[in-house]
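Those protein sequences? They're chains A and B, same order as listed. Each residue of the first sequence is one higher than the last, beginning at 1 in the numbering used here. Each residue of the second sequence is one higher than the last, beginning at 1001 in the numbering used here. All C-beta atoms in this analysis are idealised placements derived from N, C-alpha and C, irrespective of residue type, glycine included. Working notes, structure below.
Number of protein chains: 2
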Amino acid sequence: MGRTLYYPDVITDVRIDIGRLQRRLAELAAIGEIEGTEGSSRLALTDEDRDGRDLVVAWMRELGLTVTVDGIGNAIGVMPGEGAPVMCGSHIDTVRTGGRYDGNLGVLAGLEIIETVQTAGIVLDRPLAVAFFTNEEGARFAPDMLGSLVYVGGMPLEESLAITGIDGATVGAELERIGYAGAAPIPGPTPHAFVELHIEQGPVLEVEGITIGAVNGVQGISWTEVEVTGQSNHAGTTPMSMRKDPGYVAAACAAFVRDLCDELGGNQVGTVGRIELKPNLVNVVAATATFTVDLRNTDEALLQQAEQRFNDFLQATATAEQCTVTTRSLARFEPVQFDPEVVSLVARTAGELGYSVKELPSGAGHDAQMLARVCPTAMVFTQSQNGLSHNPAEYTASEDLEAGANVLLHTMLQLASGSG
Amino acid sequence: MGRTLYYPDVITDVRIDIGRLQRRLAELAAIGEIEGTEGSSRLALTDEDRDGRDLVVAWMRELGLTVTVDGIGNAIGVMPGEGAPVMCGSHIDTVRTGGRYDGNLGVLAGLEIIETVQTAGIVLDRPLAVAFFTNEEGARFAPDMLGSLVYVGGMPLEESLAITGIDGATVGAELERIGYAGAAPIPGPTPHAFVELHIEQGPVLEVEGITIGAVNGVQGISWTEVEVTGQSNHAGTTPMSMRKDPGYVAAACAAFVRDLCDELGGNQVGTVGRIELKPNLVNVVAATATFTVDLRNTDEALLQQAEQRFNDFLQATATAEQCTVTTRSLARFEPVQFDPEVVSLVARTAGELGYSVKELPSGAGHDAQMLARVCPTAMVFTQSQNGLSHNPAEYTASEDLEAGANVLLHTMLQLASGSG
């Protein structure tokens, strides 16, 4: 961090081979294939994940990369060469009903870039490396982004190995079982820089007709579960003035979240995606209402302000309704700022390659936000059709995949050609 | 209907025996007893309901009443005498986790009144009768208040016998099975008047410290199920301006129901007791939201106004959010007005017996609203502790039960002593 990067500002006419990249995407997607779709199911550290790992590691070896696997199962393939590598990568685990591109694109584009460099005979000042990190999705083991968190020293290895998944299995036992409890040290070696190519998983690029996103950071996330307790009553016989209705409190709070985001504007988003009433019957005033609030902002101070204003409204509304409230934080991450110089390099490279580009924050979490703790980092986004992700119907057009991989290629070439 | 009632406005010092009434309540509650509680489980036309029926019919016969059972299983015990009887009654079926008083009180108080009249040797101009009607709760077979509906000719017998319950059994087959497919004609004979004693099942009397409710009618009921369809999206990556969030539409509508009731005032009540989001996850903008709206008013024009205003708000909010809406009526009943003269008689009788009394509407449905179609009808309410009902913890203090039964006694005595 704080390191100065040097690189020659030259774009050559070398380009990736989109056919080769698409073939690798299809071959990996066939492992854990969800029949009748383009998607896959490879929950972290399952047999399907192991088969996916084996395939990608075999490809790394075919390209002559030195492959290391560390104690949390992160696999890194490095080209021969001197000095800290310029690394790209992402993850190859999926949610239970995953798409073909989420994570996989960043890893397989890394292989494609290395093969392109080798085929073109390009000599670099630093080696390139491509990594896949364990359990990015968090769909089997919490927290998500586990492998990259452990890689940068954000969680002790022993603690991570003891994590129990939704099926009762532990990370450590599953790593042993599938043969990915590696010997490489934790925390891992610090790259010279890190760049992650990923689909946007949102609608902004598509709606605005822009090809490339130069991702300047990741939104801070605040997840809160709220339980409101009132008095269950007959919906016909209880006058409005005598009600203690937690369903009303939940509804008023959910509507307030929208008003709050409209008023704060900017990058503030807010969602009430889960509401559960008990007993949940047409003619009964609920006894309890449980709901979640997801607030996100790229600015920590604004995010705290949103949290405070939501909580003020919740408490005042519950008090007026004579209901009691308990809240529980489900997740809280501060916003992450990517390295401004690498972000600018991505944007400039995209422009020089002739692609439209805009800087934007990521609304989802990514391994890159962990790597940003230890080295200059940025991300490249490509469009996601209809913003759809975590769904077998996830889709990005071939020309967008090609554009994203070419931006990644030339960003990495420049980062690896300097003397910094 | 429209008939004029005549009765001597005289309250004697005859009173019911609360000990005897309580013993019958306990003995009936022991059938289908929910262990460790005072409540019972006697779903309509089950073995438990049959055992309860057998007990109450045996009591009717012990009192020398002529018992008839009609084709839908309604049982009526009539004292010897000339002319159309003054009838009281209610139901003895319960919800799955029912209380001791709901329905049972009105039936067993009827037996107690008849025994009191017989013991005191009172001679009346008309016989008294006590009835229990089939499947009032609707917990096993829809619709609720089925027996009294069929009794007054509101549904053909054949149609009612073909109704299939939640367990796949039909009303007709179950009546045959438990021996309550009777021979008495449908529609049943029209009583001179009908009075139903029932617990309030709401908090008003208790909160206001009043002993007796003179029930002047039953609220009209409008139940609507609303399904809102939007676009499921990632809660982090989807800007607020690009959302089509059915969860927001549901929340805004539920909050609006409260505002609407506050604004309309009077007897307008409204409840959103059921909300279901899909997929119902913290970090996903919902794809669909399904919720119910329960609107009630004692005035049909005002109820229609509430329905209209809710629907206007729903459509406008969904349109602004680019969501689509489908609505489905789950139930719609117009308000019922009880006979003003019988309502006044109940109120005056309570006052002359020294009990505090107020006229109020019923927020729940009762057999009396069906009888009101064919004869002068009213109801007597006693307090329900905490407004609790449909729950084994349902409770009414003994002195309130006694007060209610004495008001029923003297209301019926006066109705049966006139020449109308």
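Check, Outcome
"Backbone CA spacing between residue 300 of chain A and residue 327 of chain A [nearest angstrom]", "20 angstroms"
"Closest by C-alpha distance to residue 1183 of chain B, when choosing among B/1109, B/1084, B/1147, B/1073", "B/1073"
"Residue 201 of chain A and residue 398 of chain A closer than 8 angstroms at C-beta", "no"
"Neighbourhood of residue 14 of chain A by C-beta, 6 angstroms cutoff - its chain only, sequence neighbours within 5 removed", "120"
"The region 1082-1103 of chain B: positions lying closer than 7 angstroms to chain A by Cβ", "none"
"Three or more C-beta pairs below 8 angstroms linking the region 1156-1169 of chain B and the region 1340-1347 of chain B", "no"
"Against chain A: residues of the region 1374-1400 of chain B by CB proximity under 7 angstroms", "1387, 1389"
"Test: residue 1281 of chain B CB closer than 8 angstroms to a CB of chain A", "yes"
"Simplified DSSP assignment, three categories, for residue 1375 of chain B", "coil"
"CB contact below 8 angstroms: residue 1417 of chain B versus chain A", "no"
"Outcome for residue 123 of chain A when other beta-carbon atoms lying within 10 angstroms are tallied against a minimum of 16", "exposed"
"Residue interval of the alpha helix (DSSP H) (run including residue 423 of chain A)", "In this structure chain A extends from 1 to 420, so residue 423 of chain A is not present and cannot be described."
"Per-residue burial, residue 403 of chain A [other beta carbons within 10 Å of its own, 16 or more giving buried]", "buried"
"Proximal residues to residue 1244 of chain B (C-beta, below 7 angstroms), its chain only, five neighbours per side dropped", "1230, 1231, 1321, 1322, 1323"
"Within 8 angstroms, strictly: CB atoms of residue 192 of chain A and residue 258 of chain A", "no"
"Chain-ordered chain B contacts of residue 200 of chain A [CB-CB under 9 angstroms]", "1237"
"C-alpha distance - residue 1099 of chain B paired with residue 162 of chain A, whole-angstrom precision", "50 angstroms"
"Residue 1381 of chain B versus residue 238 of chain A - alpha carbon distance", "14 angstroms"
"Cβ separation of residue 1021 of chain B and residue 1052 of chain B, assumed to be a contact under 8 angstroms, to the nearest whole Å", "In fact, because the Cβ distance is near 16 angstroms, the residues do not count as touching under 8 angstroms."
"Chain-order list of residues whose beta-carbon lies under 8 angstroms from that of residue 80 of chain A (same chain, five-residue window excluded)", "64, 66, 127"
"Within 8 angstroms, strictly: CB atoms of residue 390 of chain A and residue 1387 of chain B", "no"
"Short Cβ contact (8 angstroms threshold) for residue 1016 of chain B with residue 1406 of chain B", "yes"
"Inter-residue CB distance, residue 288 of chain A and residue 330 of chain A (contact presumed, cutoff 8 angstroms)", "Their Cβ separation, rounded to whole angstroms, is 18 angstroms, which puts residue 288 of chain A and residue 330 of chain A out of contact at 8 angstroms."
"CA nearest to the CA of residue 282 of chain A, picked from B/1176, B/1196, B/1223", "B/1223"
"Residue 1294 of chain B: contacting residues in chain A (beta-carbon distance under 8 angstroms)", "235, 236, 282, 283"
"Residue-chain proximity (residue 1404 of chain B, chain A), Cβ-Cβ < 8 angstroms", "no"
"Member of A/213, A/236, A/210, A/211 whose CA lies at the smallest distance from the CA of residue 1217 of chain B", "A/236"
"Chain-ordered chain B contacts of residue 204 of chain A [CB-CB under 7 angstroms]", "1239"
"9 angstroms Cβ cut-off: residues of chain A touching residue 1323 of chain B", "Near residue 1323 of chain B there are no residues of chain A at all, since even the closest Cβ is about 13 angstroms away, more than 9 angstroms."
"Residue-level contact to chain A via CB, residue 1254 of chain B, 8 angstroms cutoff", "yes"
"Between the CA atoms of residue 1302 of chain B and residue 1253 of chain B - distance to the nearest angstrom", "19 angstroms"
"Cβ neighbour criterion (16 or more within 10 Å) applied to residue 943 of chain B", "Any answer about residue 943 of chain B is impossible in this case: the structure gives chain B only from 1001 up to 1420."
"Which listed residue (A/364, A/220, A/394, A/263) has its alpha carbon closest to that of residue 332 of chain A", "A/220"
"Minimum Cβ-Cβ distance from residue 328 of chain A to chain B less than 8 angstroms", "no"
"Complete runs of the beta strand (DSSP E) confined to the region 281-324 of chain A [at least 3 residues]", "288-297"
"DSSP bridge partner residues for residue 422 of chain A (one or two, in chain order)", "Residue 422 of chain A lies beyond the residue range present for chain A, which begins at 1 and ends at 420; the question has no answer from this structure."
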